[in-house]
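Notes to accompany the following structure.
In this note's numbering, the protein residues as written are 167 to 295.
Following this line, the structure appears as structure tokens:
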């Protein structure tokens, strides 16, 4: 590890948070002046099945996910199908100022609800109608 003094051009992450119209949790304001250089992690962390399985189990289900941009579902009823490590979610604009995400499976039989991005007035199981 080494201290970092250089940074890319443009506004900083902290400046971006300052411009947010909603209160930003303190935890998002934590900064580190430590950089992990490109050669400090072995390439196997990115290429082996073992690391992939460990990340599936210990990481991806416990961290926030970037599913889609708000402008990808601009109208009420627009939805986006988000897939990650064998799980599927429907991200839907439920009102003008609200976006929600749901498991992409029927509660009764587990049938997939949506296969593609689109628009609908309600999410309905294809099996149950």
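Glycine included, C-beta positions come from ideal geometry on N, C-alpha and C. Bear in mind the structure is a predicted one, so any value in this text is a computation, not a measurement.
(message) Using the three-state DSSP reduction, which class does residue 224 fall into: helix, strand or coil?
(response) Residue 224: helix per DSSP, three-state reduction.
(request) Please work out which residues of its chain come closer than 7 Å, Cβ to Cβ, to residue 282, disregarding the five sequence neighbours upstream and downstream, and give them in chain order. (result) 247
(message) For residue 211, report the span of its alpha helix (DSSP H) as first-last.
(response) 210–213
(message) Using 8 Å for Cβ pairs, my map puts residue 245 next to residue 284. What's the rounded Cβ distance?
(response) 6 Å
(request) Could you check if residue 196 is buried or exposed, using at least 16 other CB atoms within 10 Å of its CB as the buried criterion? (result) exposed
(message) My output table needs one value for residue 262: the three-state DSSP class, helix, strand or coil.
(response) coil
(message) Does the stretch 286–293 come into contact with the stretch 254–274, if we say contact requires no fewer than three beta-carbon pairs (one atom in each stretch) closer than 8 Å?
(response) yes
(message) Can you give me the C-alpha to C-alpha distance between residue 215 and residue 222, rounded to a whole angstrom?
(response) 10 Å
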